[in-house]
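**Q**
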Amino acid sequence: MMRNCRISVCSSEELYDDRVSIGDLFLKLRNGDTTAHGEPVTLRPYKWEYDPGIVRTDSTQAEYDRYIRDSELALLLFHTRCGKWTMHELYVALTQRARTGLPHIAVLVRGLAPGETRTPELRLLLDTIATLGAVDEEIQPVTYATRDELMVAVVRSLQSIGLELPIKRKPDAQGRTRLVVDGLGSETIATLF
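Position 8 of the sequence shown, counted from 1, bears residue number 0 in our numbering, the numbering being contiguous throughout.
(1) Going by C-alpha to C-alpha distance, which of 30, 4, 142 and 73 sits closest to residue 13?
(2) Could you pull out every residue in the same chain whose Cβ sits closer than 6 Å to the Cβ of residue 103, ignoring the five residues on either side in sequence?
(3) Grouping DSSP H, G and I as helix and E and B as strand, with all else coil, what is residue 5?
(4) Pick helix, strand or coil for residue 118, following the three-state DSSP scheme.
(5) Which one of 146, 133 and 4 has the shortest CA to CA distance from residue 37?
(6) Going by DSSP, what residues sit across from residue -3 in a beta bridge?
(7) Taking one C-beta from the segment 60 to 67 and one from the segment 109 to 118 each time, how about it: are there three or more such pairs within less than 8 Å?
(8) Is residue 60 helix, strand or coil when you go by DSSP?
(9) Which partner residues of residue 96 appear in the DSSP bridge assignment?
(10) At which residues does the beta strand (DSSP E) containing residue 142 begin and terminate?
(11) Use the C-beta contact count for residue 26: other C-beta atoms within 10 angstroms, 16 or more gives buried, fewer gives exposed.
(12) Could you check which residue in 121, 153 and 170 has the C-alpha nearest to that of residue 161?
(13) For residue 182, which three-state DSSP category applies?
(14) If you draw a straight line from the alpha carbon of residue 98 to that of residue 62, how long is it in whole angstroms?
(15) Which residues in the same chain have their Cβ closer than 6 Å to the Cβ of residue -3, if we skip the five residues on either side of it in sequence?
(16) If contacts are defined as beta-carbon pairs under 8 Å, then residue 31 and residue 89 qualify, I think. What distance do you get, rounded to the angstrom?
(17) Identify the residues that DSSP records as bridge partners of residue 171: which are they?
(18) Considering only the alpha carbon of each residue, which of 95, 77 and 71 lies closest to residue 53?
(19) Between the Cα of residue 125 and those of 106, 156 and 86, spot the shortest distance and give me the residue it belongs to.
Below you can see the structure in the form of C-alpha cells.
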C-alpha cells in the first residue's frame, strides 16, 4: 500500500524561484521509486502557489496551518526577510513538533550576496532558531548559495526523515559528480564539485 508523505514548503515571496526549484525536484522524484522501510511512498508537497486563492486571509491561513500540522516535514526557507506568514508557519510547525514529534523541520537559509542584509526580525528569528538547535539537534539551519546546494539540502532533509530516494551519483564529462534520478537517465538534480 502506498503511503503519502506530506511536505510543507514555506518562505516569503522573495524565494519564489527556490520554491519552484523544490517543486520541480518533487516532480522528478515522483517519477522514481521513493520508499521508506521498503514501502512505497508518494511525496505530497504543498506550497502556497498551489492554492488558487493566493491572497491570504485568516481562513486560508488556517488551511495552511492544518497542512503544516499534518506534514512529516516542513521546509522553511529564508533569505533577507521573514514575512509574518512564514514566521507564523514556523511557529505552527514548532508547536506541533513539541506536541507530537512531527513535523520534522528543515531551516534553509539562502546566503547573502554582496550588499544584501537581513532584516532585524529575520536576524532575531535565526538567532532563536540557533538557540532551538542547541535543544533539538534536528533543527539546524543549513545555508545555501546556489540552486544545486539547495537541491542537495532538500534531498538530505528528505533522507533525514527516513525516505529512500531513487537518486544516484553519476560522473559527467567534466569530471564533476551529478545527482540524478535513477531511471530517468540524465535527469540531473544537482551538480556537485
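Glycine included, C-beta positions come from ideal geometry on N, C-alpha and C.
**A** So, from the data block:
(1) Comparing Cα positions, the closest option is 142.
(2) Cβ within range, chain order: 135 and 137.
(3) In the structure shown, residue 5 sits in a helix (DSSP, three-state: H, G or I).
(4) In the three-state scheme derived from DSSP, where H, G and I count as helix and E and B as strand, residue 118 is classed as helix.
(5) It is 146 whose Cα lies nearest to the Cα of residue 37.
(6) Per the DSSP secondary-structure output, residue -3 pairs in a beta bridge with 35.
(7) Note that the segment 60 to 67 does not touch the segment 109 to 118; fewer than 3 beta-carbon pairs, one per stretch, sit closer than 8 Å.
(8) DSSP places residue 60 within a helical segment (H, G or I) once states are collapsed to three.
(9) Paired residue(s): 65.
(10) Counting along the chain, residue 142 falls outside any beta strand (DSSP E), though it belongs to the alpha helix (DSSP H) covering 139 to 152.
(11) The residue is buried, with at least 16 neighbouring Cβ atoms inside 10 Å.
(12) For residue 161, the nearest C-alpha among the options comes from 170.
(13) Strand.
(14) A straight-line Cα-Cα distance of about 16 Å links residue 98 and residue 62.
(15) Correct list, in chain order: 33, 35 and 64.
(16) The beta-carbon separation of residue 31 and residue 89, rounded to 23 Å, does not stay under the 8 Å limit for a contact.
(17) DSSP output for residue 171 lists 161 and 182 as bridge partner(s).
(18) Ranking 95, 77 and 71 by Cα distance to residue 53 puts 77 first.
(19) Answer by Cα proximity: 86.
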